[in-house]
Structure formats: C-alpha cells, structure tokens
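To start, the structure under review is shown below, and the notes come after it.
4 protein chains.
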Amino acid sequence: MIIVMQHQATAAQIAAVVARVEAVGYRASLIKGEERTVIGVIGDDRPIDREQFEALDGVEKTVPILKPFKLASREMHPADTLVSLDGIKVGGPRLVVIAGPCSVESRSQILETALAVKEAGATALRGGAFKPRTSPYSFQGLGEEGLQYLAEARDMTGLPIVTEAMSEEQVTLVARYADVIQIGARNMQNYDLLRAAGKADKPVLLKRGMMSTIEELLMSAEYILAGGNSRVMLCERGIRTFERYTRNTTDINAIPVIKQLTHLPVLLDPSHGTGKWEYVIPVARAAIAAGADGLLVEVHPNPVEALSDGAQSLKPEKFAQLVREVRRIAEAVNRTV
Amino acid sequence: MIIVMQHQATAAQIAAVVARVEAVGYRASLIKGEERTVIGVIGDDRPIDREQFEALDGVEKTVPILKPFKLASREMHPADTLVSLDGIKVGGPRLVVIAGPCSVESRSQILETALAVKEAGATALRGGAFKPRTSPYSFQGLGEEGLQYLAEARDMTGLPIVTEAMSEEQVTLVARYADVIQIGARNMQNYDLLRAAGKADKPVLLKRGMMSTIEELLMSAEYILAGGNSRVMLCERGIRTFERYTRNTTDINAIPVIKQLTHLPVLLDPSHGTGKWEYVIPVARAAIAAGADGLLVEVHPNPVEALSDGAQSLKPEKFAQLVREVRRIAEAVNRTV
Amino acid sequence: MIIVMQHQATAAQIAAVVARVEAVGYRASLIKGEERTVIGVIGDDRPIDREQFEALDGVEKTVPILKPFKLASREMHPADTLVSLDGIKVGGPRLVVIAGPCSVESRSQILETALAVKEAGATALRGGAFKPRTSPYSFQGLGEEGLQYLAEARDMTGLPIVTEAMSEEQVTLVARYADVIQIGARNMQNYDLLRAAGKADKPVLLKRGMMSTIEELLMSAEYILAGGNSRVMLCERGIRTFERYTRNTTDINAIPVIKQLTHLPVLLDPSHGTGKWEYVIPVARAAIAAGADGLLVEVHPNPVEALSDGAQSLKPEKFAQLVREVRRIAEAVNRTV
Amino acid sequence: MIIVMQHQATAAQIAAVVARVEAVGYRASLIKGEERTVIGVIGDDRPIDREQFEALDGVEKTVPILKPFKLASREMHPADTLVSLDGIKVGGPRLVVIAGPCSVESRSQILETALAVKEAGATALRGGAFKPRTSPYSFQGLGEEGLQYLAEARDMTGLPIVTEAMSEEQVTLVARYADVIQIGARNMQNYDLLRAAGKADKPVLLKRGMMSTIEELLMSAEYILAGGNSRVMLCERGIRTFERYTRNTTDINAIPVIKQLTHLPVLLDPSHGTGKWEYVIPVARAAIAAGADGLLVEVHPNPVEALSDGAQSLKPEKFAQLVREVRRIAEAVNRTV
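Chains as they are written, first to last, in the numbering used here: chain A, -10 to 326; chain B, -10 to 326; chain C, -10 to 326; chain D, -10 to 326.
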C-alpha cells in the first residue's frame, strides 16, 4: 500500500502516519517529493484496511499495490486450472457449450430441449429450478420438482446439468441433483451463499454481477476458493451501462483481462449479454475469438411460450447454427467444440 | 402494454400478434401509422411477460404502460405511509436521524457511540452485527453477540436499533433484538430475504442497490409489501458511476422521484453516498433540502481504529455539527429534527 | 508518479525503468516490498506522460500522485476566486440565479421571459442563440439575431446575459453581446473552443460534460486559465448513468468535491440535472444546501410551445416559487439570493 | 409517437392533448385502458418535439415509435453502403485494417511506421496531426506539417491516409491531404464539424463518443448524410463504464446492433476499446468474429517514446501477429483481410 499525504501535511502528521504503520506491524518507507510526501507500506497483506489510514490527519488517499485476491490470482498460481465436467476439461482446448432454457417449466419442455441441444452439439444442459425474478408476481420456478426433471434429462441424454442455487440450503439440494452449481449475477456478493459453495463438492459456475467489477468477481471467487472448493468457473454475462438498445453490455474486454489475472476458466453468456436473440450468435462467435473457454446459451423450443427470457432465447435450429459458426471460430483459435 | 411492429411486418404477422393477445385474455387495439403499426394491449396486468410478445415474428419491441409495482405505487395508495419508530412517525414532518458505526466492534465501542450520537441529536442507533464484506479476509461482524450489545445500547439510551439481516434465518434473529431490520444494498435483490422480511413483524429499511434503478428498488419493496409487511422505508445510498473522486454518486434526484412514485418514506445515507467524511455534512444538508424523510449516517468514536468504513465515518463532534446544520435546513423546508 | 512493477519483474527490468526515469530528468526512489517493487518518481511535473512508462517491460501500472491541474487547483491558489457579474461577486456569500429559456425563439419570447425572471428574483438572464441539437432536423437557434434580442432584454431589465458559444468564431461574436460566455456540456472537451475562451475578455461559464469526470472538468478549466482568462465559473448539470426516470443524474457530491479541489465558483443546473420540471425545485434547494454558488435554471413563459427543452422548463410562477424556497435554504447556510 | 396520460388525467386534459396533436397537423388515436389512456399520434415525423407534449397537463410521458434517424436507417435504405477506399470497398467482404501511431511525431516516425504496417498487412495508415488532449500541457500535434508527412508516407507506401479534423477549418485542410477525414470521439456531437464533414468530398470515419448511445452515433451520422456526404464509416471505440481494469469497455454488442440498424459500414478500434496493448489482439479477433467491417489499430515503432497512447500501442511485430490472427478469423466468417 502507498499512502499519499496532502500537499500541506505537517511533519508531525507524517510522523504520526509512520508511527501508525509501524504500530500495526509494517515498515514505512518515505519518498519526499517536491510537492508532497508518499509513504510506502512494506509487509502489508491483502486484508489490510486502507480506510483506517485514510482516516488519519493529513492523508489524502491510499493506493493499493497488491491485488486483493490471492488464491484466485495467476501470480500465485500460474498454471491454468482445468475443471472436469463429464469428460471435458473446462479451461483446456475443448470448449464447453452449456445450453438450455432460462427456467425449467415442465417435464416435457426440459426433455425436449435437452434432446435438441444435445443433437445440436451442446456439451451440458442448463435450466433454472429456482428463479430470481424482479417481480413478485412472476413465475418463480418449479423448485425441487424442476431439479428432478433436470436429472431425468441427464439420464436421457448424458448431458451434465448446470443449475442455480440462491441460498445456503439450496446449495445442498442442488448439489444432490446437479453436476455444476450456478451462482447467479444477483447473488455474486451473497457471501453466505459463496461460503456454502466453498464447502460443496461440486464445481461452481460463478456469474459476474451486472454491477460488479472484474476485481469484485475475483474477490467472490476468492470466497469459494478460500472455503476449499477449487473447481470454480467464471462467467461474463454483460454489465449495466447507459446503452439502451441492448439489455446489457457484453464486456468482451473481460475475457482477456480475466485470463491474465486468474488461472480459473471463463465462459461467456451472450444471451444475457445482449438480451435479444438476434445478437446472440455474433456475440457468441466474438467470445470464442476473444479466448473464452465456453458459452452459456439460452435455448427454448418455443420462445413465445417461455415463462422467462423469451426475447433472448434461441430456437433449437438457431442454436444449431450457433454451434456450427462457433466451431469455425474455435478452429481459427486452435480449439475445438 | 404497447407492441410496436417492425416497419416491414406483414398483415399476417400483425394478425398473429393480435390473436396471441386475445388468446391470453386481453383486448388488442390497433393504430396504423404511416410507417408502422402499433398494437395497444388492453386489460393486461403488471405480471404480463412482455418478452413472450417480443419473441413473436414481426415485433420490434414492446413498451410497458403501467408501472410494474402496484402496492408500492402512489397511484394505488395516494396518502403518505408513516412508519412508527419509537415515537417518530417516519415520513411525517419530523425527520429521523439514524447514526452509528458501520460495524459493532465491541461492547464499549457501541455503548460509547450510542451515548455520543444520542447527545448529538440522533433519533435511532445503527450498527452492523452481520457484515457483507467484499474480501473473505476482512472482519465479518460479531454476529448475535453484536445484537446483544445493540440491545444493551438501546436499554441505556432509549434509542431504537436498526441493524442488517443478510439471510432468511438472520431476519428472525435480528427481529428478536432490533427495532428495524435493514436490508443492505448488496441484498436488494435477494428475493428469499425480501420474502422473509415481508413476513417479519418489524419495520424494514430497504437500501437501494448501488447499480439498481429506482424502479427495481420499488419492485423489491413490492416483494415485502406483497408478503404482508407494510412498514417499509427506502434508502438512497449512492449509485455506481464513472466518477472516481467519490466512492459512489449520491442520486439526489431519487428523492423527489421516489416521493412522487411511492407513498413510502425515503431516507438518504450520505456516508455511503460519498465515501469520504469531508463530504458527508453538505450532502446530508442537500438530502433534507431535497425532501428526504431522514438520514442514515456512519459515526465512529475513532475512525482510525474502525474495522470497516473508517474513511467515511464522522467523529461524534462532526456528527453533532451535522445535526445542527441539518436542523437549520429542516426548518427552511418546514420540518424538524 | 509511482511506478508499480509486476510481481515477476526482473532486476534488469527494474534497472531499465530507473534508467529511463533518470534519462528524462527525474529521480527514482525504490521501495522493495515483499511481493513487488515500487518506484517513486521525484521531480516529475504534471505534463508527464505516464503511458510511456507503462509501455516499459515489467511495469504493471503507474499511479499519479500530483493532480493533473495546476492553475485550477486550490493547493496552488487557496483563496476563493470571485467572478464579478454586474455587482454580484460569484463565489461570495450572495448566490447568482441565472434563468431563462433554453433557446431564444423570438423577440417577444425573450423579452417577456426576461421581465418575468427579473421580477421573480433572477440575477442574470440565460438563453441560447446557437443551439447544439442531437437531430439535424431540430431548431438550431436564431444565431446573431438571437444575440441582439438578448442585448435588448438586458437593456430593458438590467440583467446580465449568459449565452453559449460553440466555436472559436462564435466566441468573438458572443463576447460582443453577452456578459458571460457559456461553454456547453457537449463542448467541454472542444479544445480549440477552450483556447478561444482563454483569450476572451469576458467571464466563462463552463458546464461539465455529461460523460466527464470532475477531474476532466478541471482540466478543461485549466485550458481556459492557461490561456489567460481567470474568470471561470464551473457548472454541474447532471451526468449520464443507468437510471432512466430522470434524463441525467445530478451529481450533488460534485459540489463539495469541486469546492475542495478548486478555488473557482461552482453553479448547478437542476433543469438539465433532472430533465423534468417537477424535480427542478427540490434539486435547486439541494444544490444550495450542498454549497453551490448559484443556479442555472430553464424558464419558459409557455413550455408547451418551447422549441426545445419544454419538459424541463419552469413556468415563471413556478420559478418565482423556486426563488422563494431557495432563499430560505440560502439563509440556512448563511448566504443570500 | 405515443402519449401516455397520467392515471388521474381528466377528460378535459385528454381532450386538450388531442386538440394539440391535431393543431400541429397530426391525427390522434385513443386507446382507453383500464388504468390509463394512451394516445397514438399518427402522421408525425422524426423532427417532432416530444417535450412540448410532455409539458401538457395530465401527460405522464411520451414514447417515440419511429427511430429518430432516417437517412442512416436500414429501413429506408436496406442495401449495405460500400465506401471505396483505394480499391477496398469498406462494408464488403474484404476487411479494412487501418493502422498507425496515435500522433504523427516526426517525419521519420511516420515513414518508418507506414512501411512497417504496410508490410504487416495494413490497408490504410492512420496518424493524428491535430490532437485533442485532456491536458493543455500535453503534446498537441504537429498540425499541417504532420499532414505533409502523412502525404509523404502515402506516396512512399501507397497506403491511403486517415486523419482527424477537429474544427470546420481543419476539415478543409485535412481533406486536401488525406483520403479519409476522421471525426474523433470527443467531437461526435460537435455539430458545426459534422455539418462541415457533410459538405466535404472525402469519406468520413465517425467515432462513437465514449458515453454516447448507438442512437446518438447514428444521429451524428445523420448530420453528415443530411449535408450531402453519403460516404460515412462508423467506428466503435469503447464506452465509459464503472470497470477500471481497462480504459474503456469495448461494446461488442454494438457491432451486430449497428449492422441491423443502419446500412453504413462499422469498424472497431481495439486500442482505445481496451487501453492496454496486451488486450488489443484478442479484442481485434472478437470484432471481426462479431461482424465488424474492419479495424483501427494504434501501432508505434517504439511505444516507450510515444508522445501519446504509448500503453495501448502495438509494436510492429505484434501488429503483424494481429493481422495473421485476424486473417484466420476473417476466413471463419467468410471474409478476407
């Protein structure tokens, strides 16, 4: 950490900051510039509370030097983490394509979709049994019944299952049925949930919050890793900006940034990233071109009847086209679908 | 709802949309403009899923006409809701000033602060026993022990207690000790938590998420109201923008907007809204000038030792100055502290 | 400036950075932390190009220590700058209230408005003769004819005139008729215009761009100050965020931040800040409570006929109410209107 | 346009709005819903001023139905516009790759870079002679001397020249030397400049403002098209968001959105889109995968010595790698470099 003193800070104020730095066990190294003094704090660790120092008289600001995440950091763990998912090693050369409806709506809907996405080339099935909905009057998911249908779809198709848990108890329940526990964007900073996921014995798919920085995403991954679960996959799904033609703004920069900062695999969800099915295929291609390790795509056999996210869901034939086009991009970056 | 057809939509596509509107029980009213057709949907209610219609061929977009919230809406409930808090009717002419530390750190810290803020003119005490922290390595709160100290502080000072619950179970626990259950910005869309708060028999202070719209805040209030708890207070606490000199951008516009859209009282938190103690007093004055029903302010007897939010905490003497200055503004808008 | 080296930076890379620092005439001071090395650059001045150093091998990032503005900085110029405007010293205890229509539409419209705002308590008249409009099909202003009507309105009422210039040549023209040259939000980073304003012998009202940080606003002020014109007034007018109930988000935090960073006066424009007339009065009160030195308000005798900004314009009687309410807030912060 | 009346609007208020609609020459079509009345305005054209109607009593809001741009719209002009640039038809199957330094710094620098990018596969040369700089103390460009060096570089390499004009007069000067007039992000809403570009007889490269919506970008294109210049190329270059690891957030969604809304070609600038050279290649690949018609890339022979944008500039050998990788992606989407 670096502490920048105010222009008019007194010698006594500087001495007090140094004393405080040493009192909490670090060493202080002063740089006296022409206009102001800067104090380097040596030996501090990530959990340091910079705000305490900002509250001292004469301090203008503090600047972190170390990244706040450790276990998630590529500096501490240079080799790529590969997460096994039914034969695919996510993060390796073969891409994972997780497809399915936003919500499990009925047994027939999920079985029909599972067969269709399997045939089109999906490597895992997604579908929500528990749904976070903005309105209390909207469909809230089938709950455990939905999980049972998902399990049946896996038995029928062999596709591993990815589904969301929204609370500590749901983690246990979801882990019983599913192959991957998804933590949704709205829950990215639900710390009790993250801790529960850290104790689960299933891989976790952690989606970036629509209002969260990449650093916050990695801090949330850190919670899961610190809890003992090292099988974490990240997912960029669009952030909230001022642009209104699309539901969110897909942060394509996030793909190379995340690959540089962490060893964990990263997927991209072009359905939420754009919010309109017409834009899903080009953005899926872009994700793979940018280096993403896979995709999370909403597919519904009949979007007009979908109980949620109809406007951003692909019909199965469009999804088949997506897989074909993405396969060509994958080859161009030396990967496979 | 209004459905806007594409420029090149065919008569058959328009007919299919009308048929769909009628099939789900509404009436359709067509406006044929020179460049495109618009379909008014009559009889639809708030839970309508606009996305299903957007998935129909030839539809360009849909536009909601009704606001998605009902119980929270001033249209449905024109009179101001007053929430009783130990003698103050929040939402009435007397302002509520809730002050205290970010976290309860020790018995002596909270008792000392309670006495100080009481003397300076606070009308309620805040302090977190359960803390959502970005880093798994940061102080996470004292838990139930913290709630006990808060209760002791209330016994000593007579100040009602406001404290945060982060999960369903914590709602029950917090409700046992506190006078107001706070739902924090990161949990504004934790729907299980909102449902639990809807069943609690204590007032709820619902903070706006840092990248949530005003409409989403009111939809979250709707969850609590729909659950049966009508004692909801809202709190603006700053939103995330591109500006970097402050931690958040206080959305002062939100005060008159919220007062117009809903009958619920609205407070403002200038500590999180700015993130730096130097700016807290002017923004507190602005909040009351804009029509807020009260303030939520972080006060710490020794910010340099604070385990969280030191940089934005006022010392007790600064808080006393805040109350004095806010009192003069309150008089200028015909209210009292 | 501080240069943060990468975790894995080699001794040779560190030496090369130090050599480069010294080659351009500064001194380097090393802090060797446990995980990485930080290099303090001493003697650098504001125009330093940090990007050159970021392009060196082994450098992770650079961190500025000095603020990039100098003449605009309160550190270099601690006393408040007062800008004389027809008897009012803007930045002093008496507030300035600049009111009038978005556009000068006709002789009668501007004369009628001038009389009305004068009677209601305005201390200057605003009105655009040159209008930046998003659409090429919208009214673009009366040009010099509008300036003549403004001058006539000044002769009739004694109110000084504030009007916008959008290019170098317009600066000369506007300076001939007006008392204050306004630089609009869309032109905040039109550097040729800023340089022209720096050579003008009239005060300048510089509006913050809707996409600009406070630091960028102060850098644009620096252009004008560096050109030799020290009579600069700043104006916060709302920034673009994700919130959609209002046209912009008034950054109320900007008022105390700007007062702390610079010696220049700062006004607030609640009309653009909110975009809806219903919210203008409460936000005007908030601005003064937060410490603004004045207001810029859109007033139109008949908003329904306004050729621009009708929805955010106050009728004269509402403006009179604004002045009455703001006067009470001004007294509460020891100022006058 | 649709006018939504307030819930409590009276019959007289509705009648007054209808009368106003008819008075300005349109027809009104009423839809009486259960909770509120909606008025469709028929026969209105794009330049309609919605704000006038929002200022009427009883009106809650207005909703545009037609897009505000006309000449830029694909609805009015379904076929792709191809802009000829020295043999390449930009917008057709062959991609354009425009590369070069941020600023022309010296004769040798631009000649050296021109040869290097030509050899690596660039199809046009970029370089700024007039530079918009945030700080008045930074290098502001060589002016006309820079244009002469660019012309010399063209003579030597055969590469057409793309360079920025920042004011009306510069348009004339730049058009004399360059093959394409660039309008930079900060000037996207400099309407005098757009009008001048509309009268120029050279193609225009219009960059999206960093906090401008796609709709605003198309409205600015509309200015140029309405002025008579139909050779407009658009360029996405990243928008300003809350994310801080990158300088801007590349809006990859904008590529398919723009291709759908307009017939004009669209390029992407991964250098400004990311702000760090490490991320430029993956984002360039993503741009082409998403359907962009070309790239604008900053290349500098020695980024450490660059007078601007060093951190985001590629060295020539890295640029050669970019072209190789982009070529493979281009083939995967049936295009060529």
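All C-beta atoms, glycine included, are put in the ideal place defined by N, C-alpha and C.
From a predicted model like this one, the values you see are computed outputs, not experimental measurements.
Contact with chain A by residue i, beta-carbon distance below 8 Å
i	result
E24/C	yes
L162/B	no
F231/D	yes
Q178/D	no
Q301/D	no
P57/D	no
G32/C	yes
H(-4)/C	yes
Y212/D	no
M208/D	no
Spatial neighbours of residue i in its chain, beta-carbon cut-off 6 Å, leaving aside the 5 residues before and after
i	result
D33/C	M(-10) and Y15
Q(-5)/B	G47 and E49
V52/C	I(-9)
V(-7)/C	V27, E49 and K50
Neighbourhood of residue i by C-beta distance below 7 Å, restricted to the same chain and skipping five residues each side
i	result
L74/A	V85, A113, P149, D168, V169 and P192
A174/A	K196, R197, G198, M199 and R226
S209/D	M177, Q178, L183 and L195
L285/A	I87, R115, C224, L256 and D258
N335/A	Nothing can be reported for residue 335/A: it is not among the residues displayed for chain A, which extend from -10 to 326.
G117/A	C91, S92, V93, G130, T152 and E153
Min CB distance residue i to chain C below 8 Å
i	result
P125/D	yes
F308/B	no
R317/D	no
A275/B	yes
V293/D	yes
Y45/D	Here residue 45/D turns out to be Leu, not Tyr, going by the sequence shown. So, interface residue.
Residues bridged to residue i [DSSP beta-bridge criterion]
i	result
E287/D	G89/D
T152/B	I170/B
S97/B	The partner list for S97/B (beta bridge, DSSP) is empty, contrary to what the question assumes.
T51/D	I(-8)/D
L136/C	L136/C is not bridged to any residue.
S18/A	G29/A
S73/A	K78/A
T325/A	R83/A
G117/B	S92/B
S62/C	T251/C
Short CB-CB distance (under 8 Å) between residue i and chain D
i	result
E225/A	no
G135/A	no
Heavy atom of the ligand MN within 7 Å of residue i beta-carbon
i	result
E158/A	The ligand MN is absent from the structure shown, which contains no ligand whatsoever.
is_contact[residue i, chain B] using C-beta, thresh 8 Å
i	result
F280/D	In the sequence under discussion, the amino acid at residue 280/D is Gly, which differs from the Phe named in the question. G280/D does not count as touching chain B.
I170/D	no
Own chain partners of residue i with C-beta closer than 8 Å, once the 5 adjacent residues on each side are dropped
i	result
A215/A	L60 and G187
### Query
What alpha helix (DSSP H) runs, 4 residues minimum, are completely inside the stretch 207 to 266 of chain B?
243 to 250 and 259 to 263
### Task
Would you check if there are 3 or more beta carbon pairs closer than 8 Å linking the stretch 97 to 105 of chain B to the stretch 120 to 128 of chain B?
no
### Query
Pairing CB atoms from the stretch 230 to 237 of chain B with CB atoms from the stretch 208 to 220 of chain B, are three or more of them under 8 Å?
no
### Message
Taking 8 Å as the cut-off, does the stretch 137 to 147 of chain D touch the stretch 178 to 191 of chain D (at least 3 CB pairs, one atom from each stretch)?
### Response
no
### Task
Give a yes or no on contact between the stretch 308 to 322 of chain B and the stretch -6 to 10 of chain C, applying the rule of three or more CB pairs nearer than 8 Å.
no
### Task
Check whether the stretch 266 to 276 of chain A touches the stretch 296 to 305 of chain D, counting contact only when three or more Cβ pairs, one atom from each stretch, lie closer than 8 Å.
no
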